[in-house]
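Sequence order for the protein chains is R and G.
Read in order, the letters of the first sequence are residues 0 to 265 in numbering that gives the first Met the number 0.
Read in order, the letters of the second sequence are residues 0 to 65 in numbering that gives the first Met the number 0.
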Amino acid sequence: MNFIVNGKDYYTEKTLTIADLIKEINIDADIFIVNSFPVAASYIINDSDVITLIKKGSILDKEYLEYQLISRQGLKEYNILKNSSAVICGLGGLGSNAAVSLARAGIGRLKLIDFDIVEPSNINRQAYFLEQIGINKTDALKEIINKISPYINVEISNIYLDETNILSELSGFQIILECFDSVSSKMLLIEKCVNNMPESYIIGASGVAGYYNTDIFKQKYIGSNCIIIGDFENEAGINHGLYAPRVAAAANIQANEAIRHLLKDK
Amino acid sequence: MQIKVNGKIYNFDDNITLENIINQLNISHQNIIAEVNGQVVLKEKFNKTVIEDNSVIELIKFVGGG
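So this is what it looks like as structure tokens:
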């Protein structure tokens, strides 16, 4: 019988429970996750199981840590996501929250693009911390992602995307997340990229302001390689604020679309 | 001729442009992405794009905020 323990192949002729396995390999552990779900020590191991053994509150060797981080996800999926890439355009309420979710899911290569710095009016909905006020959003978000997972390759580009640079900055990524605040930048990305970048899947947002019921979020497709999420009505404006719950909900719908596309759940 | 716009079928005169369809439906040009038969049409080409019979058009409104 073959199975995987903390990312490594394991072979035995015996029938083992998790408790037996812990004794046999002499690992201190009190959380046992098999095929993405926690089990009891009495669980009888099956052929091809993916097992992660964790000692609560401890950070084990770096070689095991990566598998512990993703033990609730599924190894097959993780290996696909680790070899995937996404570029996030605009690191505000949509982009910063989407990037954090994609990093947690283990997307191996993330590129972060924004021209601006973190300021106090961002904190109500964006992923940044007070201590990061005044620094580039790209640097601030890279720092946050590095603290979540050291296994993500993060590239940054501290520029304003316009029609002269957008195609070259975004080329070579499987996923393009349109996370701008300004409507003209949103339009530019869709107009430039949908026709010209058929190999990339573009995920945008329109209508995420306020605290309206999220059940009015819709999904609209453009061409064969673009989807837009939002209510297509509620614009940020005077007396029309942006709130963390709704904008982060839209950001995470965008991130979920990215995962669905990469894992071919469609 | 029959054209589908945002999922609904409309009748228009032959050789109508995308711009005239948008005007006749009383849709604001501002911040609209237009997709005709799966291709995005740039705003500056709305008045030059002649729509053929049985075309499928999606007009998607973009609003700011993020």
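In this text, a Cβ means the ideal position worked out from N, Cα and C, and glycines have one as well.
Quiz item: Got a sec, what are the start and stop residues for the beta strand (DSSP E) R:R124 sits in?
Solution: That residue, R:R124, is in no beta strand (DSSP E); it is neither H nor E in DSSP.
Quiz item: If we call anything under 8 Å between Cβ atoms a contact, is R:S205 one with G:K60?
Solution: For R:S205 and G:K60, yes; Cβs fall inside 8 Å.
Self-check item: In chain order, each alpha helix (DSSP H) run of at least 4 residues that lies wholly inside the segment 29-85 of chain R
Solution: Segments of the alpha helix (DSSP H) lying fully in the segment 29-85 of chain R: 61-68, 74-81.
Practice problem: Tell me, please, whether the CB atom of R:V182 is closer than 8 Å to any CB atom in chain G? | Solution: Yes, R:V182 counts as interfacial toward chain G.
Exercise. Following the continuous alpha helix (DSSP H) through G:K7, name the residue where it begins and the one where it ends.
Key: Unbroken run through G:K7 is the beta strand (DSSP E), 7-10; no alpha helix (DSSP H).
Quiz item: Among residues of its own chain, excluding the 5 on either side of R:D180, which ones have a beta-carbon nearer than 6 Å to its beta-carbon?
Solution: Hits under 6 Å: G91.
Self-check item: 8 Å Cβ shell around R:S84 - same chain, five flanking residues per side excluded
Solution: I106, G107, R108, L109, K110, G171, F172, Q173, I174.
Quiz item: Contact check, R:G6 vs R:E65 under 8 Å by CB: the rounded distance?
Solution: About 7 Å separates the Cβ atoms of R:G6 and R:E65, confirming a contact at the 8 Å cut-off.
Quiz item: With C-beta atoms as the reference, is R:V153 less than 8 Å away from R:N145?
Solution: Taking 8 Å as the Cβ cut-off, R:V153 and R:N145 qualify as a contacting pair.
Quiz prompt | is_contact[G:G63, chain R] using C-beta, thresh 8 Å | solution = By this cut-off, G:G63 is an interface position.
Practice problem: Report the residue ranges of all alpha helix (DSSP H) runs contained in full by the segment 123-166 of chain R; include only those spanning at least 4 residues, in chain order. | Solution: Runs of the alpha helix (DSSP H) inside the segment 123-166 of chain R: 136-147.
Quiz prompt | Supposed contact pair G:I32 and R:E130 - C-beta distance, whole angstroms, cut 8 Å | solution = R:E130 to G:I32, Cβ: 39 Å. No contact.
Quiz item: With a cut-off of 8 Å, do at least 3 Cβ pairs link the segment 212-226 of chain R to the segment 193-202 of chain R?
Solution: Flag = yes, the segment 212-226 of chain R and the segment 193-202 of chain R touch.
Quiz item: How big is the Cα-Cα spacing for G:N30 and G:E18?
Solution: Here the alpha carbons of G:E18 and G:N30 stand approximately 14 Å from one another.
Quiz item: Under 8 Å between C-beta atoms, does G:E18 make it to chain R?
Solution: Residue-level contact by beta carbon fails for G:E18 and chain R, as no gap is shorter than 8 Å.
Self-check item: Neighbour list for G:L41 in chain R, Cβ cutoff strictly below 7 Å
Solution: Going along chain R in sequence order, the residues near G:L41 (Cβ under 7 Å) are E190.
Practice problem: Quick one: using the 10 Å Cβ neighbour count with 16 as the cut-off for buried, is R:F36 buried or exposed? | Solution: The residue is exposed, with fewer than 16 neighbouring Cβ atoms inside 10 Å.
Practice problem: Report the rounded CA-to-CA distance for R:F216 versus R:A250, giving the unit in angstroms. | Solution: C-alpha separation (whole angstroms): 12 Å.
Practice problem: Output the distance between the C-alpha atoms of R:E62 and R:Y211, rounded to the nearest integer angstrom. | Solution: One C-alpha to the other measures close to 45 Å.
Exercise. Residues of the segment 206-219 of chain R with a CB closer than 8 Å to any CB of chain G: list them in chain order, please.
Key: Taking a C-beta cut-off of 8 Å against chain G, the contacting residues of the segment 206-219 of chain R are G206, V207, A208, K219, listed in chain order.
Quiz prompt | Minimum Cβ-Cβ distance from R:K185 to chain G less than 8 Å | solution = With its beta carbon less than 8 Å from one in chain G, R:K185 belongs to the interface.
Quiz item: Are the C-beta of G:I26 and some C-beta of chain R separated by less than 8 Å?
Solution: Taking Cβ atoms only, chain R never reaches closer than 8 Å to G:I26, which makes this a no.
Quiz prompt | For R:R71 and R:I58, the rounded distance between their alpha carbons | solution = Going from the Cα of R:I58 to the Cα of R:R71 covers about 16 Å.
Practice problem: Identify whether R:N292 lies in helix, strand or coil by the three-state DSSP scheme. | Solution: The displayed coordinates of chain R run from 0 to 265. Any statement about residue 292 of chain R would go beyond what the structure contains.
Quiz item: Comparing alpha-carbon positions, which option in G:V62, G:V55, G:N46, G:N14 lies nearest G:G6?
Solution: Ranking G:V62, G:V55, G:N46, G:N14 by Cα distance to G:G6 puts G:V55 first.
Exercise. Identify, in the order they occur along the chain, each residue of the same chain with its Cβ nearer than 7 Å to the Cβ of R:E232, setting aside the five sequence neighbours on each side.
Key: Result list for R:E232: G206, in chain order.
Quiz item: When the Cβ atoms of the segment 113-131 of chain R are set against those of the segment 33-47 of chain R, are three or more pairs found closer than 8 Å?
Solution: Contact fails: fewer than three Cβ-Cβ distances are below 8 Å.
Quiz item: Taking the alpha helix (DSSP H) that R:A204 falls in, what are its first and last residues?
Solution: Run containing R:A204: none in the alpha helix (DSSP H); it sits in the beta strand (DSSP E), 200-204.
Self-check item: Selection of the segment 225-236 of chain R by Cβ proximity to chain G, strictly under 9 Å
Solution: Within the segment 225-236 of chain R, the qualifying residues are C225, I227, G229, D230, F231, E232, N233, E234, A235, G236.
Self-check item: Proximity of R:V99 and R:A126 at Cβ, strictly below 8 Å
Solution: Going by C-beta atoms, R:V99 is nearer than 8 Å to R:A126.
Self-check item: Cβ pair R:L241, R:A235 closer than 8 Å
Solution: The answer is yes: Cβ separation under 8 Å.
Quiz item: Under the rule that 16 or more other beta-carbon atoms within 10 Å means buried, what is R:T137, buried or exposed?
Solution: Looking at its Cβ environment, which holds 16 or more other Cβ atoms inside 10 Å, R:T137 is buried.
Quiz item: Does the beta carbon of R:C178 come closer than 8 Å to any beta carbon on chain G?
Solution: For R:C178, at least one C-beta of chain G is nearer than 8 Å to its own C-beta.
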